[in-house]
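Enquirer:
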Amino acid sequence: MGRFEIRWHGRGGMGAVTAAELTAMAAVKAGYYAVAFPEFGAERRGAPVKAYTRIDEEPIYEKTPIEEPDAVVVLDSSMVGQEAVLHGLKSSGWYIANTAKDPEEIRRIIGRDDVKVATVNATKLAMEVFKAPIVNTAMIGALVAATGIVPLEKVEEAVRDRFPERYVGPNIKLLRQAYESVRVVV
Amino acid sequence: MAGKKKLPLSGNTAIAYAAKAADVDVISAYPITPQTTIVEKLAEFVANGELNAEVIHVESEHSALSAAVGASAAGARVFTASSSQGIALMYEIMFIASSMRLPIVMAMATRALSAPINIWNDHGDFMAASDTGWVMMMAHTNQEAHDDVILAYKIAEHPDVLLPVITAIDGYFMSHTIEPVEPIEREEALKFIPKKVTWRVLDPDNPVTMGPLGTPEWYYEFKRQQHEAMKKAREVFDEATKEFEKTFGRNYEPVEYFMMDDAEYALVAMGSVAGNVKAYIVREARKRGIKLGLIRVKLFRPFPAEEIAEVISNLKAVGVIDRALAFGSSYGGPLYGDTLSAAYIRGIDTPIVNFVAGLGGRPVTFHDIKTMVDATLALDGKTRKDVPKEPYFIGVRE
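Sequence lines, in order, name chains A and B. Okay, so the first sequence: first residue is 344 according to our numbering, each after it adds one. Okay, so the second sequence: first residue is 1432 according to our numbering, each after it adds one.
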């Protein structure tokens, strides 16, 4: 697979940084090298947040920002279509959005015929499971379903490692539901 | 990637795990970005009962290091951490800790100094500490950041050394980046660094005075002894890293050579930028047939002058990347100054050029590294007389 770089977009408190970390953990469990990092600055709840995951078969030496991601994942449905989210996304890269809309419509909104689109209504799924819009594990489910970058069971292992016992079950349920319900246009 | 269990840890958390494994007795610190989560995590370990240590809440970094000096003088294994303005505020006490020969370990998440206020990464704070008499190391991975804390106590508490040690990581680029880290457990750490008071401590039954007036009859001898202790620190560093490798299987050298076996050119760098250079060498330079290597300085004080001069003597040209400026100096960047003196004293004629890059958190990109490599290659066939007398300021708006 070579290298795969992911940029996560959310708002402070949604769990974008945790999603980036969990994905890196899962990738390490799958035998890859991986690192995760947030956009560096002063964090505050509600503000736009970016986080990054870098995955490779070879050791990752650099600590440079990801400028041309292979995938962008949009946790906040209100950010779908924003220029900042599309910035640098590779041609034939993945645009993965939390939205009720279908992927064809998203592709029209973002105006990029050269990218693949995956959508999942993560907010609805998360409200059913958590009674709160905590969508990060759902979006990882959508990412791994669409891209196949890491096996689902490795993400589940990472979730088990990362969360306290009582949060493991609901997070895995949400992860699987998102994995199953993702819609894709390539 | 078999072996022991790896945890996804930020640079800060990796350091906190190491301080826990070292079973520190006293943590005296004042939070500052981007170092904050080191001390937060340690406070959590103490609150959970995972670490039996005294956390001293202080009102400033000056007090944090003062309390660390007091606790160390009482025989405690002491840990603190800081960055930037915090280091600047500790400055007075840093000289006192080293001169009183107290084996304090301080982690530094390097960050630019004000003004203007800037919470992001460069080496201004680290380089400002370079003449304070502390042993200084800088890591370039989170695993190394973790291991350095364990190594630091080994060196600091060695009876021939007894000097405080700084273990640095790059703020944000490492402090906030998650990498797989294999943490050292307390039991194995304490076999490597047994808790034994090797230094003179305050004891009511055998009273001593510490840090009194040193008149002209005596002061100079103290400084001469510190100079010797620093030289000893180098010997002990070499012993400690050998034993570390035998125990934990990871090898560290004062200078890391990357792709240097057949190299004709090299960049000298420290910290996370050294990682960027490694990636550039593998992904770009070598693919284009450029015989470029990296000389990564891990141990900054005492400076590994002999090794660096030796490796440079065989090269066609060398570029030194500085993440700080020594304003008004004859050289430009501090790492360049040390590299240049090491080579000059040994009569080495290889052209060595200086690059200043990435101040105040500006990323040092592949494009920047290419600019530096091109400028280094341009010195092929030249001598040191041909080297620009001013540093190249990489990525700045003029």
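Just so you know, even glycine gets a beta-carbon here, dropped at the ideal spot from N, CA and C.
#1: May I ask whether a heavy atom of the ligand COA can be found less than 7 Å away from the beta carbon of A:Gly-512?
#2: Below 8 Å between beta carbons: does that hold for B:Ser-1514 and B:Pro-1439?
#3: Distance cutoff 8 Å, beta carbons only. Does A:Val-487 sit that close to anything in chain B?
#4: Mind checking if A:Val-529 is an interface residue toward chain B, Cβ cutoff 8 Å exclusive?
#5: Establish whether the CB of B:Ala-1710 and some CB of chain A are separated by less than 8 Å.
#6: From the DSSP output, in three-state form, read off B:Ala-1700 for me.
#7: In the stretch 1646-1671 of chain B, which residues sit with their C-beta less than 7 Å from some C-beta in chain A, listed in chain order?
#8: Taking buried to mean at least 16 other C-beta atoms within 10 Å of its own C-beta, is B:Asp-1805 buried or exposed?
#9: Taking Cβ positions only, does A:Phe-380 come closer than 8 Å to chain B?
#10: How many angstroms separate the CA atom of A:Ile-349 from the CA atom of A:Val-415?
#11: In the stretch 471-529 of chain A, which residue ranges form an unbroken beta strand (DSSP E) of at least 3 residues, counting only runs that do not cross its ends?
#12: How about A:Phe-383: is its C-beta nearer than 8 Å to some C-beta of chain B?
#13: Does chain B have any CB closer than 8 Å to the CB of A:Glu-348?
#14: Please classify A:Val-428: does DSSP put it in a helix, a strand, or coil?
#15: According to DSSP, simplified to helix, strand and coil, what is B:Ile-1861?
#16: Would you kindly work out how many angstroms separate the C-alpha atoms of A:Ser-421 and B:Glu-1618, rounded to a whole number?
#17: I'd like the ranges of any beta strand (DSSP E) spanning at least 3 consecutive residues and lying wholly in the stretch 1739-1796 of chain B.
#18: Considering only their Cβ atoms, is the gap separating A:Ala-363 from A:Ala-373 smaller than 8 Å?
#19: Below 8 Å on C-beta distance, what does B:Gly-1706 contact in chain A?
#20: Relative to the alpha-carbon of A:Ile-403, which residue among B:Pro-1819, B:Gly-1750 and B:Pro-1611 has its alpha-carbon at the smallest distance?
#21: DSSP three-state call for B:Ser-1441: helix, strand or coil?
#22: Answer yes or no: does any C-beta atom of chain A fall closer than 8 Å to that of B:Gly-1792?
#23: In three-state DSSP terms, what is A:Pro-381?
#24: 8 Å is my cut-off, CB to CB: does A:Ala-367 come that close to chain B?
#25: For a test of the three-state rule: what should DSSP assign to B:Lys-1472, helix, strand or coil?
#26: Thinking C-alpha only, which one of B:Phe-1476, B:Phe-1824 and B:Ser-1606 is nearest B:Val-1787?
#27: Is B:Trp-1551 close to chain A? Criterion is C-beta to C-beta, closer than 8 Å.
#28: May I ask you to report which of helix, strand or coil DSSP gives B:His-1589?
#29: Relative to the alpha-carbon of B:Gly-1517, which residue among B:Arg-1542, B:Val-1500, B:Ser-1503 and B:Phe-1526 has its alpha-carbon at the smallest distance?
#30: For A:Glu-364, which residues in chain B fall below 8 Å Cβ to Cβ?
#31: Against A:Val-511, what residues of chain B qualify as contacts under a CB-to-CB distance less than 7 Å, listed in chain order?
#32: Apart from the five residues on each side of it in sequence, which residues of its chain come closer than 8 Å, Cβ to Cβ, to A:Glu-508?
#33: Give me, in chain order, the residues of the same chain whose beta-carbon lies closer than 8 Å to that of B:Met-1568; leave out the 5 immediate sequence neighbours on both sides.
#34: Is it right to say B:Met-1432 is buried, meaning 16 or more other beta carbons lie within 10 angstroms of its own, or is it exposed?
#35: If you follow the beta strand (DSSP E) that B:Leu-1520 is part of, which residue opens it and which one closes it?
#36: Measuring straight from C-alpha to C-alpha, what distance separates A:Phe-449 and A:Ile-439?
Expert: Quick look at the numbers:
#1: Absence of the ligand COA is noted for the structure shown, with no ligands found whatsoever.
#2: Within the second sequence, residue 1514 of chain B is the residue found at index 83, counting from 1. Within the second sequence, residue 1439 of chain B is the residue found at index 8, counting from 1. No; because the gap between Cβ atoms is not below 8 Å, this pair is not in contact.
#3: For the purposes of this step, residue 487 of chain A is taken as residue 144 along the first sequence, with counting starting at 1. So no, A:Val-487 is outside the interface.
#4: Here residue 529 of chain A refers to the residue found at position 186 when the first sequence is read from its first residue. Judged by the 8 Å Cβ criterion, A:Val-529 is not in contact with chain B.
#5: In the second sequence, residue 1710 of chain B corresponds to position 279, counting from 1. Yes, its Cβ sits closer than 8 Å to a Cβ of chain A.
#6: Looking up residue 1700 of chain B in the second sequence gives position 269. Taken through DSSP and simplified to helix, strand or coil, B:Ala-1700 comes out as strand.
#7: Among the residues of the stretch 1646-1671 of chain B, none has a Cβ less than 7 Å away from any Cβ of chain A.
#8: Walking along the second sequence from the start, residue 1805 of chain B turns up at place 374. So B:Asp-1805 counts as exposed.
#9: Residue numbering aside, residue 380 of chain A sits at position 37 when the first sequence is read from its first letter. Closer than 8 Å to the CB of A:Phe-380 there is at least one CB belonging to chain B.
#10: On the first sequence, position 6 is the one that residue 349 of chain A refers to. On the first sequence, position 72 is the one that residue 415 of chain A refers to. Going by the C-alpha atoms only, they are around 6 Å apart.
#11: Listed in chain order, the complete beta strand (DSSP E) runs (minimum 3 residues) inside the stretch 471-529 of chain A are 526-528.
#12: As a working mapping, residue 383 of chain A is identified with position 40 in the first sequence. Interface residue, yes.
#13: Position 5 of the first sequence holds residue 348 of chain A. So no, A:Glu-348 is outside the interface.
#14: Along the first sequence, read from residue 1 onward, the residue named residue 428 of chain A stands at position 85. Per DSSP, reduced to three states, the secondary structure at A:Val-428 is helical.
#15: In this structure chain B extends from 1432 to 1829, so residue 1861 of chain B is not present and cannot be described.
#16: Here residue 421 of chain A is taken as the residue at index 78 of the first sequence, counted from 1. Here residue 1618 of chain B is taken as the residue at index 187 of the second sequence, counted from 1. Approximately 50 Å between the Cα atoms of the pair.
#17: Runs of beta strand (DSSP E) with 3 or more residues, each lying fully within the stretch 1739-1796 of chain B, are found at 1748-1753 and 1783-1788, listed in chain order.
#18: Taking the first residue of the first sequence as position 1, residue 373 of chain A is located at position 30. Taking the first residue of the first sequence as position 1, residue 363 of chain A is located at position 20. With respect to the 8 Å criterion, A:Ala-373 and A:Ala-363 are not classified as neighbours on the basis of their beta carbons.
#19: For this step, residue 1706 of chain B is matched to residue 275 along the second sequence. In chain order, Tyr-404, Glu-405 and Lys-406 make up the part of chain A whose C-beta sits under 8 Å from the C-beta of B:Gly-1706.
#20: Mapped onto the first sequence, residue 403 of chain A falls at position 60. Distances from the CA of A:Ile-403 to each of B:Pro-1819, B:Gly-1750 and B:Pro-1611 were compared; the closest alpha carbon is that of B:Pro-1611.
#21: Taking the second sequence and counting its residues from 1, the one referred to as residue 1441 of chain B is at position 10. In this structure, B:Ser-1441 counts as strand in the three-state DSSP scheme.
#22: Translated into the one-based positions of the second sequence, residue 1792 of chain B becomes position 361. Output row for B:Gly-1792: interface = yes.
#23: In the first sequence, residue 381 of chain A corresponds to position 38, counting from 1. Residue state, collapsed to three classes: strand.
#24: Residue numbering aside, residue 367 of chain A sits at position 24 when the first sequence is read from its first letter. Among the CB atoms of chain B, one or more fall inside 8 Å of the CB of A:Ala-367.
#25: Here residue 1472 of chain B refers to the residue found at position 41 when the second sequence is read from its first residue. It is helical.
#26: The sequence position of residue 1787 of chain B within the second sequence is 356, counting from 1. Of the listed residues, the one whose Cα sits closest to B:Val-1787 is B:Phe-1824.
#27: Your numbering for residue 1551 of chain B matches position 120 in the second sequence. Nearest CB-CB separation between B:Trp-1551 and chain A: below the 8 Å threshold.
#28: Your numbering for residue 1589 of chain B matches position 158 in the second sequence. DSSP places B:His-1589 in coil when its eight states are reduced to three.
#29: Against the second sequence, residue 1517 of chain B aligns to sequence position 86. Looking only at B:Arg-1542, B:Val-1500, B:Ser-1503 and B:Phe-1526, the smallest Cα-Cα distance to B:Gly-1517 is reached by B:Arg-1542.
#30: Mapped onto the first sequence, residue 364 of chain A falls at position 21. When 8 Å is used as the limit between beta carbons, A:Glu-364 is near these residues of chain B: Pro-1439 and Ile-1609, in chain order.
#31: Walking along the first sequence from the start, residue 511 of chain A turns up at place 168. Ordered by position in chain B, no residue passes the 7 Å Cβ test against A:Val-511, which lies about 16 Å from the chain.
#32: Position 165 of the first sequence, counted from the first residue, corresponds to residue 508 of chain A. Counting only Cβ-Cβ distances below 8 Å, and skipping sequence neighbours, we find nothing.
#33: In the second sequence, counting from the first residue as 1, residue 1568 of chain B sits at position 137. The answer, listed in chain order, is Asp-1579, Leu-1582, Ala-1583, Val-1596, Ile-1597, Thr-1598, Ala-1599, Lys-1729, Leu-1730 and Phe-1731.
#34: By 1-based counting over the second sequence, the position of residue 1432 of chain B is 1. Because B:Met-1432 sits at a pLDDT of 38, beneath the cut-off of 50, its placement in the model cannot be relied upon, and the following sentence gives the value as read from the coordinates. By the neighbour-count rule (16 or more Cβ atoms within 10 Å), B:Met-1432 is not buried but exposed.
#35: Looking up residue 1520 of chain B in the second sequence gives position 89. For B:Leu-1520, there is no enclosing beta strand (DSSP E); the enclosing alpha helix (DSSP H) covers residues 1515-1530.
#36: Within the first sequence, numbered from 1, the residue matching residue 449 of chain A stands at position 106. Within the first sequence, numbered from 1, the residue matching residue 439 of chain A stands at position 96. The sequence shown places Ile at residue 449 of chain A, rather than the Phe named in the question. Rounded to the nearest whole angstrom, the C-alpha separation of A:Ile-449 and A:Ile-439 is 10 Å.
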